[in-house]
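Residue numbers (the working numbering): 34 to 191. Ideal Cβ placement from N, Cα and C applies to all residues, glycine included. Scroll down for the structure; my scribbles are underneath it.
Structure (structure tokens):
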């Protein structure tokens, strides 16, 4: 009887520990709410280090980067969250802030890495397929790349 209780206790403890979320998950959200962005970034990085395959960890680190104006880092974390999210739940959370983040990241890198800029604007386009600024920018970027067909396709959509 005692042995059964001991085994049951060990199994219950193992399940509880296995299901526990990283303590950083709540900390990053609280620090964002309190506008303590440096601490939020630190906690977000720690959460990603603890759970590198967690789409939520990357999503919340991106949120902290967004609030700090680190748009390229934020966009890269959003991409990682999408990549890891096999169920598509993270992308459903995306809205105007994430779209603007991708647009800002694209504008930051457009002169040094046009391929990456196109990727960021394509992500913004997925979030809001009707945004004329995104469509026009994609047309311009593809035009600079010499891809006249894609340039025309985006101009028609605009």
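_Using the three-state DSSP reduction, which class does residue 106 fall into: helix, strand or coil?_
On the chain shown, position 73 is the one that residue 106 refers to. In the structure shown, residue 106 sits in a helix (DSSP, three-state: H, G or I).
*asked:* If distances are taken between C-alpha atoms only, which option among 168, 83, 58, 116 comes closest to residue 96?
replied: Within the chain shown, residue 96 is the residue found at index 63, counting from 1. Closest by alpha carbon: 58.
*asked:* At 4 residues or longer, what runs of the alpha helix (DSSP H) sit wholly inside the segment 120-171?
replied: 122-126, 129-142, 147-160
*For residue 151, count neighbouring C-beta atoms within 10 Å of its own C-beta (all shown protein chains included) and say buried if the count is 16 or more, exposed if not.*
For the purposes of this step, residue 151 is taken as residue 118 along the chain shown, with counting starting at 1. When all chains shown are included, residue 151 counts as buried.
*Please report the residue range of the alpha helix (DSSP H) in which residue 88 lies.*
For the purposes of this step, residue 88 is identified with residue 55 of the chain shown, where counting begins at 1. Where residue 88 is concerned, the enclosing alpha helix (DSSP H) stretches over 88-100.
*residue 135 to residue 71, Cα distance in whole Å?*
Walking along the chain shown from the start, residue 135 turns up at place 102. Walking along the chain shown from the start, residue 71 turns up at place 38. Roughly 21 Å between the two C-alpha positions.
*Count the other C-beta atoms from every protein chain shown that fall within 10 angstroms of the C-beta of residue 177, then say buried if there are 16 or more, exposed otherwise.*
Position 144 of the chain shown, counted from the first residue, corresponds to residue 177. Per the 10 Å Cβ criterion, exposed.
_Backbone CA spacing between residue 98 and residue 182 [nearest angstrom]_ = Working through the chain shown from its first residue, we reach residue 98 at position 65. Working through the chain shown from its first residue, we reach residue 182 at position 149. The alpha-carbon separation between residue 98 and residue 182 amounts to approximately 35 Å.
*What are the boundary residues of the alpha helix (DSSP H) that residue 55 is part of?*
Residue numbering aside, residue 55 sits at position 22 when the chain shown is read from its first letter. Neither: residue 55 is in no alpha helix (DSSP H) and is coded neither H nor E.
*Do residue 167 and residue 142 have their C-beta atoms closer together than 8 Å?*
Walking along the chain shown from the start, residue 167 turns up at place 134. Walking along the chain shown from the start, residue 142 turns up at place 109. Their beta carbons are not under 8 Å apart, which means residue 167 does not touch residue 142 by this criterion.
*Environment of residue 68 [buried if 16+ CB atoms lie within 10 Å]*: Your numbering for residue 68 matches position 35 in the chain shown. Per the 10 Å Cβ criterion, exposed.
*Give the single residue among 83, 175, 156, 170 whose Cα lies nearest to the Cα of residue 191.*
On the chain shown, residue 191 is found 158 positions in, with the first residue counted as 1. Checking every option, the nearest Cα to that of residue 191 belongs to 170.
*Beta-carbon proximity check, residue 113 vs residue 91, cutoff 8 Å*: Locating residue 113 in the chain shown gives position 80, where the first residue counts as 1. Locating residue 91 in the chain shown gives position 58, where the first residue counts as 1. Annotated as proximal: residue 113 and residue 91, with beta-carbon spacing under 8 Å.
*Host alpha helix (DSSP H) of residue 68 (start-end)*: Position 35 of the chain shown, counted from the start, is the residue given in the question as residue 68. Secondary structure note for residue 68: it is in no alpha helix (DSSP H), with a DSSP letter that is neither H nor E.
*Just how far apart, CA to CA, sit residue 62 and residue 100?*
Taking the chain shown and counting its residues from 1, the one referred to as residue 62 is at position 29. Taking the chain shown and counting its residues from 1, the one referred to as residue 100 is at position 67. Going from the Cα of residue 62 to the Cα of residue 100 covers about 12 Å.
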